[in-house]
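Report on one structure; see the data block that follows.
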Amino acid sequence: MRRHRWALLLDRAFVGRWGEKIFRPGASLPYLPPRQEGPLGRREGENFSWLYPRDPLFEEMDRRFPAPREAPRAPLDPTERDLWVQREGGAWRALELDLLCLQRYDVAHYGKFPPHPRDRLGLMNTDRLYGFFSFDPRGGEFFDEGCRRLGALHLFLKVQRQIVLPWRFDHDDEEQPSSNWVFFMAEREEEAQEGAALLAPFGERLLEGARPLDIFVLSLEALRGVRAPHETFWDLFAEIALPVGRTY
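For the sequence shown, position 194 (counting from the first letter as 1) is numbered 197 according to my numbering, and the numbering increases by one without interruption.
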């Protein structure tokens with residue numbers, strides 16, 4: 004019920020004109036775990052760093068299949084990538100979101116493009132909002148558990164960008180950029196402010212390796228206070244969300 008309440012309030016809070024809003028409470032995202040067991044990131048005092056980039060699996064992935072920096076001149080053959088994942092990747096794991104919100108672009112315009120055969124999750128031609136319930140910021144779980152789930156999202160994004168949909172994951176069929184926004188969901192505005200204050204000093208480090216990505220903290224209290232729907236989720240977040248890390 005809690006997840007559906009958030010979906011309902013978000014749906015009411017912005018229009019998303021000409022597009023389509025899709026809400027998936029409890030959505031599951033596949034990712035490849037590191038070969039070496041252990042935490043994905045580490046905090047030491049006022050410093051934070053991700054550990055997974057130094058794992059042999061991802062070092063090899065970066066060497067063999069770096070994320071394209073420009074649109075491929077011809078469709079990329081996925082065979083080599085898929086065979087490598089089958090041979091080297093091990094067992095897939097699933098990251099359960101509390102809420103996935105997809106803002107599909109202008110339906111009349113983008114409807115003319117056929118579905119991408121590798122886009123099994125239906126993420127092409129969408130902006131994506133990945134929602135996680137937050138823990139009490141006064142306890143250690145807030146940072147540790149938040150980073151654990153954020154790290155798993157990093158790995159999902161990495162596989163999408165380098166294996167599943169190179170270039171196309173971050174660009175639509177018109178080669179315009181797609182948004183990937185994470186938002187931690189607190190009940191009260193005071194909790195959201197405390198949580199954002201804990202995360203913001205590490206904002207740049209939390210984004211490292213996963214850009215383009217943006218991170219926010221949002222409260223149910225603020226969402227309930229929206230009296231008239233905003234035109235876009237960009238407008239909504241500019242009004243009530245607390246930024247932790249921004250790419251642009």
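We treat Cβ as the ideally placed atom computed from N, Cα and C, and that holds for glycine. Note that the structure is predicted; figures quoted are calculated from it, not measured.
Between the Cα of residue i and those of the options, spot the shortest distance and give me the residue it belongs to.
{"i": "Lys161", "options": "Val88, Arg20 and Ala16", "result": "Val88"}
{"i": "Gln196", "options": "Val167, Ile166 and Phe145", "result": "Phe145"}
{"i": "Glu207", "options": "Val247, Pro69, Arg46 and Leu168", "result": "Val247"}
{"i": "Arg214", "options": "Leu226, Glu194, Leu153 and His119", "result": "Leu153"}
{"i": "Leu245", "options": "Ala231, Ile218, Tyr251 and Arg230", "result": "Ile218"}
{"i": "Arg5", "options": "Leu102, Tyr108 and Leu202", "result": "Leu102"}
{"i": "His174", "options": "Gly114, Arg72 and Leu60", "result": "Arg72"}
{"i": "Glu178", "options": "Leu209, Thr129 and Leu239", "result": "Thr129"}
{"i": "Leu98", "options": "Phe116, Lys115, Cys150 and Gly48", "result": "Cys150"}
{"i": "Glu192", "options": "Met127, His112 and Glu224", "result": "Glu224"}
{"i": "Glu194", "options": "Arg141, Ala203, Phe236 and Ser182", "result": "Arg141"}
{"i": "Leu221", "options": "Asp85, Leu60 and Ala241", "result": "Ala241"}
{"i": "Trp9", "options": "Glu47, Leu132, Glu40 and Arg90", "result": "Leu132"}
{"i": "Ala123", "options": "Gly114, Val167, Gln106 and Gly93", "result": "Note that residue 123 is Arg in the sequence shown here, rather than Ala. Nearest C-alpha to Arg123: Val167."}
Quick check on DSSP: helix, strand or coil for residue i?
{"i": "Leu156", "result": "helix"}
{"i": "Trp87", "result": "helix"}
{"i": "Gln106", "result": "strand"}
{"i": "Leu124", "result": "coil"}
{"i": "His119", "result": "coil"}
{"i": "Phe146", "result": "helix"}
{"i": "Phe172", "result": "coil"}
{"i": "Gln58", "result": "Note that residue 58 is Asp in the sequence shown, not Gln. Three-state DSSP puts Asp58 in coil, outside helix and strand."}
{"i": "Tyr251", "result": "coil"}
{"i": "Pro204", "result": "helix"}
{"i": "Asp238", "result": "helix"}
{"i": "Asp151", "result": "Looking at the sequence shown, residue 151 is not Asp but Arg. Correct three-state label for Arg151: helix."}
{"i": "Gly228", "result": "coil"}
{"i": "Ala199", "result": "helix"}
{"i": "Gln165", "result": "helix"}
{"i": "Leu79", "result": "coil"}
{"i": "Ser66", "result": "According to the sequence as given, residue 66 is Arg; it is not Ser. Helix."}
{"i": "Ala74", "result": "coil"}
For residue i, collect the residues of the same chain with a Cβ closer than 7 angstroms to its Cβ; drop the 5 residues on either side in sequence, then sort them by chain order.
{"i": "Met64", "result": "Gln165"}
{"i": "Arg20", "result": "Glu234"}
{"i": "Gln163", "result": "Phe172"}
{"i": "Ala16", "result": "Leu226, Val229, Pro232, His233 and Leu239"}
{"i": "Ala199", "result": "Val220, Leu245 and Val247"}
Starting from residue i, trace the beta strand (DSSP E) both ways and give me its first and last residue.
{"i": "Ala213", "result": "No beta strand (DSSP E) contains Ala213, which DSSP labels as neither H nor E."}
Taking the DSSP output, what are the residues bridged to residue i?
{"i": "Trp53", "result": "Gly44"}
{"i": "Met188", "result": "Phe136 and Leu221"}
{"i": "Lys24", "result": "Gln106"}
{"i": "Asp130", "result": "Gln106"}
{"i": "Arg96", "result": "Tyr34"}
{"i": "Pro246", "result": "Phe219"}
{"i": "His233", "result": "Phe17"}
Taking 6 angstroms as the limit between beta carbons, can you name the residues of its chain near residue i, skipping five residues before and five after?
{"i": "Leu12", "result": "Leu226"}
{"i": "Trp95", "result": "Pro33"}
{"i": "Pro36", "result": "Arg96"}
{"i": "Pro56", "result": "Gly212"}
{"i": "Phe135", "result": "Asp101, Arg152 and Phe187"}
{"i": "Leu79", "result": "Pro169"}
{"i": "Ile243", "result": "Ala225"}
{"i": "Ser31", "result": "Ala97 and Glu99"}
{"i": "Ala203", "result": "Val247"}
First and last residue of the alpha helix (DSSP H) that includes residue i?
{"i": "Leu13", "result": "Arg5 to Ala16"}
{"i": "Ala70", "result": "Counting along the chain, Ala70 falls outside any alpha helix (DSSP H), and DSSP gives it neither H nor E."}
{"i": "Glu178", "result": "Neither: Glu178 is in no alpha helix (DSSP H) and is coded neither H nor E."}
For residue i, I'd like the list of residues in its chain whose CB is within less than 8 angstroms of its CB, leaving aside the five on either flank, ordered along the chain.
{"i": "Val110", "result": "Trp21, Gly22 and Glu23"}
{"i": "Leu43", "result": "Pro37, Trp53, Leu54, Tyr55, Cys150, Arg151, Gly154, Ala155, His157 and Leu158"}
{"i": "Phe138", "result": "Glu144, Phe145, Glu148 and Gly149"}
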